[in-house]
Amino acid sequence: MTLTFTDPSEQQRWYAVDDGVMGGESHSGFRIEAGSGCFYGEVSLENGGGFASVRREPNHVEPLLTQGEGIRLRVRGDGRTYQLRLKSTALEDASAYRITFTPTKDEWETWDFPWHSFEAVRRGTLLGSAPLLDPKSIHQIGFLIADRTAGPFALYVLGLETLSGNK
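The numbers in the sequence shown follow numbering that gives the first Met the number 0, run straight up by one, and end at 166.
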């Protein structure tokens with residue numbers, strides 16, 4: 000695994016960026032729980048809000064992503080739709096590459112995301128003229144929920160690894 004959650008200090012690498020930056024009232028956090036990471040919180044649609052996200056402080060993990068054909072996630076969700084977001088030096092600061100997924104409620108699942116399946120977005124709007132994701136340009140990993148549904152959420156992540164071309 001490229002990124003696991005067996006070390007409790009991993010929790011300190013994650014920080015929330017929620018819709019409070021634009022007046023919303025959603026809140027989120029990230030914790031380590033029984034060997035998995037948990038992105039949790041509550042989405043509020045009040046005051047024009049509606050999203051919550053966490054980002055990971057960059058370290059040795061991001062360069063390892065260049066060794067694969069994409070990303071494999073092992074997750075357990077709550078039936079809500081999430082985004083895996085990758086910040087890239089190829090895009091402006093408020094932009095990222097995203098892939099959307101909806102894990103089955105209370106079941107561990109493996110999701111494979113080839114690099115070509117990520118799409119560039121800026122504040123939720125597709126960037127049609129952006130280059131394809133180059134894994135060498137990735138400098139940050141994060142998760143976001145913006146499914147237009149108010150209420151609590153929890154996404155458990157057992158690990159993240161590079162997707163091998165030899166399945």
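Here a beta-carbon is modelled for each residue, glycine too, at the ideal position from N, C-alpha and C.
Chain-order list of residues whose beta-carbon lies under 8 Å from that of residue i (same chain, five-residue window excluded)
| i | result |
| --- | --- |
| residue 101 | 76, 78, 79, 80 and 81 |
| residue 142 | 38, 52, 53, 81, 82, 83, 84, 154 and 156 |
Same chain only: Cβ atoms within 7 Å of residue i, ignoring 5 sequence neighbours per side
| i | result |
| --- | --- |
| residue 134 | 64, 65 and 114 |
| residue 144 | 42, 50, 51, 79, 81 and 152 |
| residue 126 | 94, 119 and 120 |
| residue 184 | The question about residue 184 has no answer, for the chain in this structure spans 0 to 166. |
Assigned exposure category for residue i - 16 Cβ within 10 Å defines buried
| i | result |
| --- | --- |
| residue 54 | buried |
| residue 4 | buried |
| residue 74 | buried |
| residue 122 | exposed |
| residue 71 | buried |
| residue 86 | buried |
| residue 36 | buried |
| residue 199 | With the chain running from 0 to 166 in the structure shown, residue 199 is simply not present. |
| residue 176 | Lying before the first or after the last residue shown, residue 176 is absent from the chain, which here runs from 0 to 166. |
| residue 91 | exposed |
Coil, strand or helix - residue i by DSSP
| i | result |
| --- | --- |
| residue 126 | coil |
| residue 94 | strand |
| residue 63 | helix |
| residue 54 | strand |
| residue 102 | coil |
| residue 79 | coil |
Beta-carbon contacts of residue i that lie in its chain and below 6 Å, excluding the five residues immediately before and after
| i | result |
| --- | --- |
| residue 132 | 96, 114 and 117 |
| residue 130 | 89 |
| residue 13 | 29, 53 and 55 |
| residue 20 | none |
Any non-hydrogen atom of the ligand ADP closer than 8 Å to residue i Cβ
| i | result |
| --- | --- |
| residue 14 | The ligand ADP is not among the ligands present in this structure, which contains no ligands whatsoever. |
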